[in-house]
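Residue numbers (the working numbering), protein chains in the order written: chain A, 14 to 213; chain B, 15 to 249.
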């Protein structure tokens, strides 16, 4: 099963709450969470710019007036989500800009359910983890032999776009993203011989 | 804010408390045989900026807590020295050792010959990538920053370019680790290979913390100086 890797920035002045939430998030099944703990919202802009967190969990009790819409437009390339961390009563109006709320007494399951709505965690039981399709194996052979996507497409009578989609699926299934890594996989599984591999 | 280690912490306690800090300690140029020296004394003996040393140690020990008020007082010379030592450690010491162990762990029999060839090729390509990353920093970024410190500005470069360039060198080592765990083609227990895997795990962590030091103690400090120079120019 492939864990979804997500980066989460936690913004709260209390280090007990930050650390506690951080520990809970690391326990979530199906996720590999990396957290950044920020004790003040002033570090958030920089954090978003350099680390591009997938999720920001922020306590609006202290920074209710933070302009999330502005933060989002300033970082157009990032798809950062914003959750509110509620440790007390907060004006409902303030919460409107947040996509989800995490309460101080939420348990692991409910936090997971809230994250699941925003991040695609793949079902480990699903077919696609079983094995590669014959077509995908053909594509791996092409990649490993040093052909370009276009050449592979021509050889297999596919569109270049389809080849790219296949390659993306292969990378996800095998957790191998580089050509050198695919070469190892292809050799181990006898998809190619050493002689087949172009000297690049 | 109160931090874990202070200038009066004994070096022995710091290392004993969290042995994973040892590699960082040595990157500051501090060696073992520390006796009863405190952090302050050990830094003084090696002419290292104590504030910077403590900021990095506390940051690594407390795991990812943003160093807040510290950026102002960080010594860039000390940070650059630290980063250079880390580069030398990975390139000239750690990675060659892992390669040797990897070579040693996969037996060269007929069946595994091809596997071994491509595995080592993967590793060698990874090392080339690391070397490129390091060369870029040492030949371009560090000299630029040293010039900046002496008041010379260079309008053709800015640390923002470095942030763009700073791709994660550690993703490939994670891939090698995954390949060994998932696809290693024998079914005998191989202690030597386990050792390689542990080395890779450690190296992956170590490289990640190296990148964190760059992200939190190098880039923001350089940005601060750039902005100051810009302001004085305008004034």
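Using N, Cα and C, we set each Cβ at its ideal position, and we do this for glycine too.
Fair warning: this is a prediction, and the values are worked out from it, not measured in the lab.
Per DSSP, the unbroken alpha helix (DSSP H) holding residue 165 of chain A starts and ends at 162-169. Secondary structure within the stretch 61-111 of chain A: the alpha helix (DSSP H) runs of 4 or more consecutive residues, fully enclosed, are 73-76, 81-87 and 105-108 (chain order). For residue 153 of chain A, the uninterrupted alpha helix (DSSP H) run begins and ends at 147-157, by DSSP.
Secondary-structure assignment with DSSP links residue 44 of chain A through a beta bridge to A/17. Using a 10 angstroms sphere on the CB of residue 49 of chain B, the tally of other CB atoms stays under 16, which defines it as exposed. A Cβ-Cβ distance of about 6 Å is found for the pair residue 98 of chain A and residue 71 of chain A, placing them in contact under the 8 Å criterion.
If you look at residue 115 of chain A, you'll find it in the beta strand (DSSP E) that goes 113-116. In this structure, the beta-carbon distance from residue 207 of chain A to residue 120 of chain B does not fall below 9 Å.
The continuous alpha helix (DSSP H) containing residue 223 of chain B extends over residues 205-227. Between the beta-carbon of residue 65 of chain B and that of residue 87 of chain B there is about 5 Å, and that keeps the pair under the 8 Å contact cut. Counted as a single uninterrupted DSSP element, the stretch harbouring residue 132 of chain A is not any alpha helix (DSSP H), since DSSP gives it neither H nor E. Assignment of beta-bridge partners to residue 51 of chain A by DSSP yields A/24.
A residue is called buried once 16 or more other Cβ atoms fall within 10 Å of its Cβ, and residue 33 of chain B, having fewer, is exposed. Exposed is the label assigned to residue 106 of chain B, since fewer than 16 other Cβ atoms lie within 10 Å of its Cβ.
Under the criterion of beta carbons closer than 8 Å, residue 201 of chain A and residue 158 of chain A do not qualify as touching, at roughly 16 Å.
From the beta-carbon of residue 149 of chain A, no residue of chain B is found nearer than 9 Å; the closest lies around 15 Å away. Counting only the Cα atoms, residue 67 of chain B lies some 15 Å from residue 223 of chain B. Secondary structure of residue 52 of chain B (DSSP, three-state): strand. With its beta carbon at least 9 Å from every one in chain A, residue 187 of chain B lies outside the interface.
When secondary structure is reduced to three states using DSSP, residue 22 of chain B falls in the coil class, being assigned neither helix nor strand. Annotated three-state conformation of residue 40 of chain B is helix, per DSSP.
Residue 172 of chain A: not part of any alpha helix (DSSP H); DSSP gives it neither H nor E. Against chain B, the CB of residue 196 of chain A has a partner CB under 9 Å away; the residue lies at that interface.
Under the Cβ criterion of 9 Å, residue 144 of chain A is not counted among the residues facing chain B. Following the DSSP letters along the chain, one finds residue 171 of chain B in no alpha helix (DSSP H), marked with neither H nor E. For residue 21 of chain B, same chain residues with a beta-carbon under 7 Å away, outside a window of 5 residues either side, are 52, 53, 54, 64 and 68 in chain order. In the three-state DSSP reduction, residue 248 of chain B falls in the helix class (H, G or I). For residue 229 of chain B, the nearest CB of chain A lies under 9 Å from its own CB, placing it at the interface with that chain.
Two segments are said to touch when three or more pairs of C-beta atoms, one from each, lie closer than 8 Å; by this definition the stretch 187-200 of chain A does not touch the stretch 23-33 of chain B. In the displayed model, residue 34 of chain B falls within a helix according to three-state DSSP. Chain-ordered, the chain B residues with CB closer than 7 Å to the CB of residue 207 of chain A read 128 and 131. Secondary structure at residue 147 of chain B: helix, using DSSP grouped into helix, strand and coil.
Not one beta carbon of chain B lies nearer than 9 Å to the beta carbon of residue 117 of chain A. Between the stretch 50-66 of chain A and the stretch 22-31 of chain A, the count of C-beta pairs closer than 8 Å reaches three or more; the two stretches touch.
Taking the Cβ atoms as the reference, residue 126 of chain B lies roughly 47 Å from residue 234 of chain B, outside the contact range of under 8 Å. Nothing from the stretch 80-101 of chain A brings a Cβ to less than 7 Å from some Cβ of chain B.
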